[in-house]
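K.L.:
If you're matching positions, the sequence shown starts at 1 in UniProt numbering and goes up one per residue.
Glycine included, C-beta positions come from ideal geometry on N, C-alpha and C.
The structure's right below; bear with me while I get my questions together.
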Amino acid sequence: GVREVVISPGSRSTPLALAFEAHPNIKTWIHPDERSAAFFAVGLIKGSERPVAILCTSGTAAANYTPAIAESQISRIPLIVLTSDRPHELRSVGAPQAINQVNMFNNYVSYEFDMPIADDSKETIDAIYYQMQIAS
């Protein structure tokens, strides 16, 4: 499983960043530049032969991960990419930091999932559980 997460801080990803930081079995690394962070994670994977996750905020921050994601796909290494996004209703209406992130990396990843808006409804929990089963 994942034991290391490389975080590029941002307001949208703060809840996940705090959760990773609080987890006793997760080592977190902070790299504010997304491109550098993603390649740092690739290096961690190559050194440890274990999956590493990267986490960033929304918009072009996520796009900066693309070169390292392509490299991980070519190298066949387990890079797990977590990007935050603006609320669904702010997509395609010109909101700041809201670019189309859906399928952004689909040429380079083996699985992608657009999470529903966070809530604790049974439907949301079931959807997330279902996607986790598919991904594994």
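Can you tell me which of the three DSSP states E49 falls into?
P.N.:
The count along the sequence shown starts at 1 and reaches residue 49 at position 49. If DSSP states are grouped into helix, strand and coil, E49 belongs with coil.
K.L.:
Okay, do the segment 8-24 and the segment 40-49 touch, 3+ Cβ pairs below 8 Å being the bar?
P.N.:
No: the two stretches stay apart, fewer than three of their Cβ pairs being nearer than 8 Å.
K.L.:
I'd like the ranges of any alpha helix (DSSP H) spanning at least 4 consecutive residues and lying wholly in the segment 54-121.
P.N.:
The qualifying runs are 60-63 and 66-75.
K.L.:
Keeping to the same chain, check which residues put their C-beta closer than 8 Å to that of H31; ignore five residues upstream and five downstream.
P.N.:
To locate residue 31, count along the sequence shown from 1; it is residue 31. The residues are V6, I7, S8, A37 and F40.
K.L.:
Here's the rule: buried if 16 or more other CB atoms are within 10 angstroms of the residue's CB, otherwise exposed. What is D85?
P.N.:
On the sequence shown, position 85 is the one that residue 85 refers to. Buried.
K.L.:
Beta-carbon separation of V52 and E4 under 8 Å?
P.N.:
The sequence position of residue 52 within the sequence shown is 52, counting from 1. The sequence position of residue 4 within the sequence shown is 4, counting from 1. Result yes, Cβ atoms of V52 and E4 sit closer than 8 Å.
K.L.:
Taking the alpha-carbon positions, what's the R35 to H88 distance?
P.N.:
Here the question's residue 35 lines up with position 35 in the sequence shown. Here the question's residue 88 lines up with position 88 in the sequence shown. Answer to the nearest angstrom: the Cα atoms are 25 Å apart.
K.L.:
What distance in whole Å lies between the Cβ atoms of I69 and L82, which are believed to be in contact at a cut-off of 8 Å?
P.N.:
As a working mapping, residue 82 is identified with position 82 in the sequence shown. As a working mapping, residue 69 is identified with position 69 in the sequence shown. 12 Å between Cβ atoms; not a contact.
K.L.:
Would the C-beta of N103 count as close to the ligand ZN, meaning under 7 Å from any of its heavy atoms?
P.N.:
You won't find the ligand ZN in this model; it holds no ligand whatsoever.
K.L.:
Mapping the DSSP letters down to three states, classify V2 as helix, strand or coil.
P.N.:
For this step, residue 2 is matched to residue 2 along the sequence shown. Coil, per DSSP.
K.L.:
Taking all protein chains shown into account, do 16 or more other C-beta atoms lie within 10 angstroms of the C-beta of Q133, making it buried, or fewer, making it exposed?
P.N.:
Counting from one through the sequence shown, the residue named residue 133 turns up at place 133. It counts as exposed.
K.L.:
Let's see if you can read the secondary structure: which residues bound the alpha helix (DSSP H) around P15?
P.N.:
Here residue 15 is taken as the residue at index 15 of the sequence shown, counted from 1. It spans T14 to A22 - the alpha helix (DSSP H) in which P15 sits, taken as one unbroken run.
K.L.:
Is the Cβ-Cβ distance between A22 and G59 less than 8 Å?
P.N.:
In the sequence shown, residue 22 corresponds to position 22, counting from 1. In the sequence shown, residue 59 corresponds to position 59, counting from 1. Not closer than 8 Å, so no.
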